[in-house]
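Enquirer: Each position in the sequence shown, counted from 1, maps to that position plus 2 in the numbering used here.
Cβ coordinates follow ideal geometry from the N, Cα and C atoms, glycine included.
Let me give you the structure first, and then I'll get to my questions.
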Amino acid sequence: MTARRITDTVWAVGGSSGPERTSDHDGIQYLLWDGTDGLLIDVGTGLGADAWLANVGEVCADATPFGAFVSHYHADHAGGAAAAMHAGIDVYAGSVTAAALATADEQATSLERARRAGVYPEDYRLAAAPDVRILPDASALTIGSFTVTVLDAPGHCDGHLVFLVDHYGRRSLFSGDTLFSGGRVSIQAIPDCRLDLYSDTVRGLAELEVDELFPGHGEPVLADASVDIARAAESFRRLVPPPNILTA
Ligand SMILES: [Zn+2]
Numbered sequence: 003m004t005a006r007r008i009t010d011t012v013w014a015v016g017g018s019s020g021p022e023r024t025s026d027h028d029g030i031q032y033l034l035w036d037g038t039d040g041l042l043i044d045v046g047t048g049l050g051a052d053a054w055l056a057n058v059g060e061v062c063a064d065a066t067p068f069g070a071f072v073s074h075y076h077a078d079h080a081g082g083a084a085a086a087m088h089a090g091i092d093v094y095a096g097s098v099t100a101a102a103l104a105t106a107d108e109q110a111t112s113l114e115r116a117r118r119a120g121v122y123p124e125d126y127r128l129a130a131a132p133d134v135r136i137l138p139d140a141s142a143l144t145i146g147s148f149t150v151t152v153l154d155a156p157g158h159c160d161g162h163l164v165f166l167v168d169h170y171g172r173r174s175l176f177s178g179d180t181l182f183s184g185g186r187v188s189i190q191a192i193p194d195c196r197l198d199l200y201s202d203t204v205r206g207l208a209e210l211e212v213d214e215l216f217p218g219h220g221e222p223v224l225a226d227a228s229v230d231i232a233r234a235a236e237s238f239r240r241l242v243p244p245p246n247i248l249t250a
């Protein structure tokens, strides 16, 4: 395992493939790092937490990132919260996500349903993470040379956040499971996947001028990402769900 540098300031430090692979079941875990400061985005299932922490250490050496921001409560993005905190990394999430992680709520997070569908190993359980810190909607934080704006983005599931990062004139969107390359989305047959809210979210994100898109699965878009986002927004505008990453 090893961290994979994607841009000057963005690394993949976990995921289900590539040199950064931590577990077959992990979404992509990103590290933003300017040399002295930075943050982590998403924490994987926890199944590959040791490898993830080693990858982070490879980039940050003895320094500790400001914290790990969790996009949403699905286990492939949030299950490693307890492991991160155990390693001394503060974990931040929206209030809905934090509440579900505090009690390892397998109903709210659809983990039980996903496990029955074969998405996770039969013995995988969510580890309770009671001390997740709350990120208010629209809060803007300065972390080293990064300005991070937290945005509500429901649709894929309740409580989903995305993170807009401005860094020396470049704007990057860390979209979790909200948006993917080519303007694809992630729609599942779960109780809190809400297409009307998904449409509002994506159409709102299309108003932002985003250069780079770093999704929770698949390849990033490293230039003109607004084009990909606009494609999804235009589909929703016509009341047609955009292509689904789970089938296309
Ligand atoms: Zn998800």
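Can Ser-97 be considered in contact with ligand 2, in the sense that its beta carbon sits closer than 7 Å to one or more heavy atoms?
Expert: This structure lacks ligand 2; its bound ligands are ligand 1.
Enquirer: Under 8 Å, do Tyr-75 and Cys-195 count as touching if we go by C-beta distance?
Expert: In the sequence shown, the residue the question calls residue 75 occupies position 73. In the sequence shown, the residue the question calls residue 195 occupies position 193. Result no, Cβ atoms of Tyr-75 and Cys-195 do not sit closer than 8 Å.
Enquirer: Within the stretch 191 to 234, note down every full beta strand (DSSP E) run reaching 3 residues or more, in order along the chain.
Expert: Qualifying beta strand (DSSP E) stretches, in chain order: 214 to 217.
Enquirer: Cβ atoms of Pro-244 and Gly-178: under 8 Å apart, would you say?
Expert: As a first step, residue 178 is located in the sequence shown; it is residue number 176 there, counting from the start. As a first step, residue 244 is located in the sequence shown; it is residue number 242 there, counting from the start. No, Cβ-Cβ distance for Gly-178 and Pro-244 is not below 8 Å.
Enquirer: Who are the near neighbours of Ser-183 in its chain, counting only those whose CB is closer than 8 Å to its CB and skipping five residues on each side?
Expert: For this step, residue 183 is matched to residue 181 along the sequence shown. Hits under 8 Å: Leu-215, Pro-217, Gly-220, Glu-221, Pro-222, Val-223, Asp-230.
Enquirer: In whole angstroms, what separates the C-alpha of Tyr-32 from that of Arg-115?
Expert: As a working note, residue 32 is residue 30 in the sequence shown. As a working note, residue 115 is residue 113 in the sequence shown. Each residue's Cα considered, the two are about 26 Å apart.
Enquirer: When the distance is taken between beta carbons, is Ala-102 closer than 8 Å to Ala-110?
Expert: Here residue 110 corresponds to residue number 108 of the sequence shown, with the count starting at 1. Here residue 102 corresponds to residue number 100 of the sequence shown, with the count starting at 1. Going by C-beta atoms, Ala-110 is nearer than 8 Å to Ala-102.
Enquirer: Quick check on DSSP: helix, strand or coil for Ser-237?
Expert: Residue 237 sits at position 235 when you count from the first residue of the sequence shown. DSSP places Ser-237 in helix when its eight states are reduced to three.
Enquirer: From Leu-197 to Gly-206, what distance separates their C-alpha atoms?
Expert: Walking along the sequence shown from the start, residue 197 turns up at place 195. Walking along the sequence shown from the start, residue 206 turns up at place 204. Whole-angstrom Cα-Cα distance: 14 Å.
Enquirer: Report the residue ranges of all beta strand (DSSP E) runs contained in full by the stretch 78 to 165; include only those spanning at least 3 residues, in chain order.
Expert: 93 to 95, 142 to 145, 148 to 154
Enquirer: Just jot down, in chain order, the residues whose CB lies closer than 5 Å to any heavy atom of ligand 1.
Expert: In chain order, the qualifying residues are His-76, Asp-179.
Enquirer: In this structure, how does DSSP classify Ser-188 when only helix, strand and coil are distinguished?
Expert: Counting from 1 along the sequence shown, the entry for residue 188 is found at position 186. Note: Ser-188 maps to coil in three-state DSSP.
Enquirer: Is it buried or exposed for Ile-30, if we count other Cβ within 10 angstroms and need 16 for buried?
Expert: The sequence position of residue 30 within the sequence shown is 28, counting from 1. Looking at its Cβ environment, which holds 16 or more other Cβ atoms inside 10 Å, Ile-30 is buried.
Enquirer: Considering just the uninterrupted stretch of the beta strand (DSSP E) at Leu-55, what are its terminal residues?
Expert: Counting from 1 along the sequence shown, the entry for residue 55 is found at position 53. It is not in any beta strand (DSSP E) - Leu-55 instead sits in the alpha helix (DSSP H) that spans 51 to 62.
Enquirer: Pull up the distance between the alpha-carbon of Phe-238 and that of Thr-203, whole angstroms please.
Expert: What you label residue 238 is simply residue 236 of the sequence shown in a count that begins at 1. What you label residue 203 is simply residue 201 of the sequence shown in a count that begins at 1. Taking the straight line joining both Cα atoms gives about 10 Å.
Enquirer: For the candidate residues His-169, Ser-228, Ile-189, whose alpha-carbon lies nearest to that of Leu-34?
Expert: Position 32 of the sequence shown, counting from 1, holds the residue named residue 34. That would be His-169, whose Cα lies nearest to the Cα of Leu-34.
Enquirer: With respect to the beta strand (DSSP E) encompassing Phe-176, which residues constitute its N-terminal and C-terminal limits?
Expert: Translated into positions along the sequence shown, residue 176 becomes position 174. Start and end: 172 to 178.
Enquirer: What does the Cβ neighbour count give for Val-58, buried or exposed, with the cut at 16 atoms within 10 Å?
Expert: Mapped onto the sequence shown, residue 58 falls at position 56. Counting Cβ neighbours within 10 Å, Val-58 comes out buried, since at least 16 surround it.
Enquirer: Kindly confirm or deny that the stretch 115 to 135 and the stretch 7 to 20 touch, where touching means at least three C-beta pairs closer than 8 Å.
Expert: no
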